[in-house]
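Data first, discussion second: the structure below is written as structure tokens.
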Amino acid sequence: CVLRQRQERTPLQRALEHLLKKLEMRDPQQFFAWPVTDNIAPGYSAIITHPMDFCTMRQKVDDNQYKDLQDFMSDFKLMCTNAMQYNQSDTIYYKASKKLLHAGMKLVQPDKIGWLITLTP
Ligand SMILES: COc1ccc(C(=O)NC2CCC2)cc1-c1cc(C(C)=O)n2cccnc12
């Protein structure tokens, strides 16, 4: 997951970049910052068929691969639900992903997306 230099950005890319920064702040231990590897999580790649992490999401924003906010949020939900699928409910990772998912959903509630409308004319 290598980050590319910043190219010209569309209004949607700037909005998603802004939202991604807010979401990453909710993951201070950086459990979701990078792809989960099999050596830190035994058997991960056999259990999780569609892995996702914040760095990959940033790459997809940079490559303009999200067509709208819903598209971006489905990757965010995938990242969180992967963690709830692989990790037992009493683990720090399961608990962190549940909290992150709720925080993320709150950020995109209609009454909370004034920032999105100003950023995407
Ligand atoms: C990029 O993923 C990670 C990066 C760092 C850490 C980490 O710092 N773990 C230390 C806290 C106790 C060991 C954990 C993880 C990690 C994320 C996850 C997820 C997201 O499922 N995970 C699952 C089992 C074991 N480790 C992890």
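The sequence shown begins at 276 in my numbering and counts up by one.
Glycine included, C-beta positions come from ideal geometry on N, C-alpha and C.
No experiment lies behind these values; they were computed from the predicted model shown.
Checklist entry - Sorry if obvious, but does the Cβ on V277 come closer than 7 Å to a heavy atom of ligand 1? => result False, no ligand heavy atom lies under 7 Å from that Cβ.
Checklist entry - With respect to 7 Å, is the separation between the Cβ of F307 and the closest non-hydrogen atom of ligand 1 below this value? => result Checking the Cβ of F307 against ligand 1 gives yes.
Checklist entry - Should A308 be labelled buried (16 or more other beta-carbon atoms within 10 Å of its own) or exposed? => result Taking all protein chains in view, the Cβ of A308 is surrounded by fewer than 16 other Cβ atoms within 10 Å, so the residue is classified as exposed.
Checklist entry - Closer than 7 Å: is that where the CB of Q304 sits relative to any heavy atom of ligand 1? => result With a cutoff of 7 Å, Q304 counts as near ligand 1, since its C-beta is closer than that to a heavy atom of the ligand.
Next on the checklist: Please confirm whether N339 has its beta-carbon closer than 8 Å to some beta-carbon of chain C.
Outcome noted: Given the protein chain composition of this structure (a single chain), no chain C is represented.
Next on the checklist: Beta-carbon within less than 7 Å of M348's beta-carbon, same chain only, minus the 5 sequence neighbours each way: which residues are those?
Outcome noted: In chain order, V383 place their CB closer than 7 Å to the CB of M348, counting only its own chain and leaving out the 5 sequence neighbours on each side.
Checklist entry - From T312 to L287, what does the alpha carbon distance come to, in whole angstroms? => result Distance from the CA of T312 to the CA of L287, rounded to the nearest whole angstrom, comes to 31 Å.
Item to check | Expected contact under 8 Å - CB spacing of D350 and M332 to nearest Å | outcome: Indeed, because the Cβ distance is near 5 Å, the residues count as touching under 8 Å.
Checklist entry - Can we count Y368 as close to ligand 1, meaning its CB is less than 7 Å from some heavy atom? => result Yes - ligand 1 has a heavy atom lying nearer than 7 Å to the Cβ of Y368.
Item to check | Proximal residues to R284 (C-beta, below 8 Å), its chain only, five neighbours per side dropped | outcome: Closer than 8 Å at Cβ, skipping near neighbours: E292.
Checklist entry - When you compare only the Cα positions, how much space is there between T324 and K296? => result Each residue's alpha carbon lies about 26 Å from the other.
Item to check | Residues near C330 in its chain [Cβ-Cβ closer than 8 Å; skip 5 each side] | outcome: Answer for C330: C276, L278, A308, W309 and P310, listed in chain order.
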